[in-house]
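Below is one structure, written out as structure tokens, with a few remarks after it.
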Amino acid sequence: MKTKLLLSFFLVAGGSLFTSCTDFLEYQPQGTLSSDNVTSAGNADALVTAAYASLGNGEMIGPIASMWVYGSVRSDDAHKGGGGVADLEDINFYEQHNLTQPQQGGGFYHPYTWENYYKAISRANVAIRSITNLSETAFPLKKARLGELRFLRGHAHFMLKILFKYIPYVDETLSNDQILQTSNRQYTSDQLWDKIGQDFQFAVDNLPETQPEKARANKFSAAAYLAKLRLFQAYEQDDNHKVVNINRTKLEEVVKLTGIVINSGKYTLQPDFAENFLPEFDNGVESVFAVQYSINDGTTLGRLNFETGLNYPHGAPQYGCCGFHQPTQNLANAFATDVNGLPKFDTYNDGIIDFKTATVDPRVDHTIGIDGHPYKYNAASPFSNSWVRDPGVYGFFQSMKEQQLATSSSYKKQGPFIGTSKNIDIIRYADVLLWQAEAYIELGQQAQALPLINKIRERAAKSTGRTKKADGTDPSNYLIKPYDAANWTQAYARRALQWERRLEFATEGPRFFDLVRWGIAEPTLNAYLSKEKTRRSFLSGAKFTAGRDEYLPIPQREITFTKGLYKQNPGF
């Protein structure tokens, strides 16, 4: 049984659905506690638990923990999948880019995601307000808990910013009336980064290095998240989302902050890449911060993640639903390697990869369900093309990282839908290594990035034990080697770093946000679409428009509710 930090039902319950901005910006956790009746340390800690719980309060139609909809399907990593383009058509609109509109969804997907993040912010603010009023004598953990709450609030604001760019910043000092008068353009983009960064800096300054419960944020998870924020902030954008400068001071801060995490000795890479995607390794040595889930915890359904519950093979008898999140041919091709075990940067997408003859990076068999290859490390149950729901539209590949075997103790089916208690990692140690490598490269110190990138590749090369077929052979021809120092120029190193992030985190959600950060979303995605639409006719009209499609539109219902106080993003 997997039991964790978030167990109290009345604190975990998400409450009813809300339909206006005022409801969720003034939202308080359901149950018996509020900011007015917290007078003991136990009650204060319960509000902190409620704030943690909100990180997992997303749903299939309003995800906040998994970015498969917004970061994977909007990129070149994956198609929507499912039963054709009309099945959950809002996700199809995101995949097509030019079909995305402010008023879409009827409150589902990006409007609902907006709402769920602001509920999380409100929970944090309620708890901050309450705990601030307690003395350290009455609540000895006051400083640490405030650090945790500001970390959680920083996370929610950060995610809203990379999704929508211009958002209202809401902290515990604002009254309900002031919240309703707070514009999403109160701060410039850079000022907003700094406001969010203040929460993470407070967490760095006030959190302990080690927490008694692994699920809680600590000093190093806060330093890692602040590094992530400064890396995004370093790529300065104009009003039309074009990257116009890379700020060296911010990059130097990234190096310093990631160094704090690396030098702590607290984290390392899991020996096998597979271990990041199996529940028995939750909160392991690579997990810097994760959304926590549980099963068999005394509640009716457990604290399960249903956000990725649509993404299992539809035709597999043990699942039966629903075939979403299918990797693209482009992604499958990207795992090909040349005779030196290195990526085929320029030619990888010229044709269709043949897994019987091509040499590949082993991470492909951890990421993509391929006909005849072991499915989720189960050699007795190879993936079958017959499991794919609509191959005529989306092809035969299936995503695999977020899925668990039906025999897993983390797995539970509720009606046609599937939930698991597997954590969702927000930051892995592999992130930290590659963020530092990226900062070094952009500072012109690419030689220091080389061993960091090679650590990731060396781990991938060793991660073949769980992918073997029943006869003990490898399902693919694995060939992956570290990069050599020869010809390791800044331009080559940048390309290698960007490639490594794609393969390491493929289908986990970062891809789209990486492309936007680097300022290459438009050329990368339109080049991908021009080729992929020759393979998938449903993409025939798809187009990414620079200055528009880097961010989701502000939900129209929020603009309407605020009588135009919220300003729409360019192009919508």
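Just so we're aligned: the sequence shown equals residues -21 to -1, 1 to 551 in mature numbering (1 follows the signal peptide of the UniProt record, and there is no 0).
We put the CB at the ideal spot given by N, CA and C, even for glycine.
Only a predicted model underlies this, so the values are computations on that prediction, with no experimental measurement involved.
Check, Outcome
"Could you pull out every residue in the same chain whose Cβ sits closer than 7 angstroms to the Cβ of Thr307, ignoring the five residues on either side in sequence?", "Asp55, Asp56, Ala57, His58 and Glu511"
"Looking at the unbroken beta strand (DSSP E) that takes in Lys441, where does it start and where does it end?", "Taken as a continuous stretch (DSSP letters only), Lys441 belongs to no beta strand (DSSP E), as it is neither H nor E."
"Would you say Lys460 faces chain C, with C-beta separation under 8 angstroms as the test?", "As a matter of chain content, chain C is missing from the structure shown, which is built from one protein chain."
"Nearest-angstrom Cα distance between Phe396 and Phe179?", "36 angstroms"
"Taking DSSP's pairing of strands, which residues face Ala57 in a bridge?", "Pro306"
"Figure out for me which residue from Gln424, Leu531 and Glu151 has the closest Cα to the Cα of Asn112.", "Glu151"
"Classify Glu259 as buried or exposed, calling it buried when 16 or more other Cβ atoms lie within 10 Å of its own Cβ.", "exposed"
"Would DSSP call Ala465 helix, strand or coil?", "coil"
"Say whether the stretch 213 to 232 touches the stretch 420 to 429, bearing in mind that this needs 3 or more beta-carbon pairs closer than 8 angstroms, one atom from each stretch.", "yes"
"Given a cut-off of 8 angstroms, decide if Phe551 and Val64 are closer than it, judged by their beta-carbon atoms.", "no"
"Is it the case that the Cβ atoms of Val367 and Gly294 are separated by a distance below 8 angstroms?", "yes"
"Between Val233 and Trp414, how many whole angstroms is the CB-CB distance? I'm expecting something under 8 angstroms.", "6 angstroms"
"How do the stretch 106 to 120 and the stretch 133 to 141 stand: do at least 3 beta-carbon pairs fall below 8 angstroms, yes or no?", "no"
"Can you give the beta carbon distance from Asp528 to His76, rounded, assuming they're within the 8 angstroms contact cut?", "5 angstroms"
"Can you tell me whether Asn163 is buried or exposed? The criterion is at least 16 other CB atoms within 10 Å of its CB, across all chains shown.", "buried"
"Please state if the CB of Gly21 and the CB of Asn219 are separated by a distance shorter than 8 angstroms.", "no"
"Okay, do the stretch 440 to 448 and the stretch 348 to 361 touch, 3+ Cβ pairs below 8 angstroms being the bar?", "yes"
"Note the first and the last residue of the continuous beta strand (DSSP E) segment covering Lys392.", "Tyr390 to Gln393"
"I need the DSSP call for Glu38, collapsed to helix, strand or coil.", "strand"
"Taking the beta strand (DSSP E) that Glu215 falls in, what are its first and last residues?", "Tyr214 to Gln216"
"Is DSSP giving residue 618 helix, strand or coil here?", "Past the edges of the chain, shown from -21 to 551, lies residue 618, and the structure says nothing about it."
"Helix, strand or coil: which one does DSSP assign to Asp528?", "coil"
"Would you call Ser33 buried or exposed, if buried means 16 or more other Cβ atoms sit within 10 Å of its Cβ?", "buried"
"Taking Cβ positions, are Ala29 and Arg132 nearer each other than 8 angstroms?", "no"
"May I have the straight-line CA-CA distance separating Arg515 from Val372, to the nearest angstrom?", "6 angstroms"
"Check whether the stretch 195 to 211 and the stretch 236 to 256 touch, using three or more Cβ-Cβ pairs below 8 angstroms as the test.", "yes"
"Under 8 angstroms, do Ala439 and Phe252 count as touching if we go by C-beta distance?", "yes"
"Would you list the one or two residues that DSSP bridges to Asn224?", "Glu215"
"Drop a sphere of 10 angstroms on the beta-carbon of Glu501, count the other beta-carbons inside from all chains shown, and report buried for 16 or more, exposed for fewer.", "buried"
"In whole angstroms, what is the alpha-carbon distance linking Gly398 and Thr279?", "13 angstroms"
"I want to know whether the stretch 267 to 275 touches the stretch 341 to 348 - three or more CB-CB distances under 8 angstroms.", "no"
"By alpha-carbon positions, which one of Val105, Gly488, Arg536 and Asn309 ends up nearest to Ala23?", "Val105"
"Measuring straight from C-alpha to C-alpha, what distance separates Val339 and Glu483?", "14 angstroms"
"Which whole-angstrom value describes the C-beta separation of Asn548 and Tyr530, a residue pair presumed to lie in contact below a C-beta threshold of 8 angstroms?", "5 angstroms"
"Hey, Tyr88 and Asp69 are a contact pair by Cβ (cut 8 angstroms); roughly how many whole angstroms apart?", "5 angstroms"
"Going by alpha carbons, who is nearest to Pro532 out of Leu429, Gln427, Trp93 and Gln393?", "Trp93"
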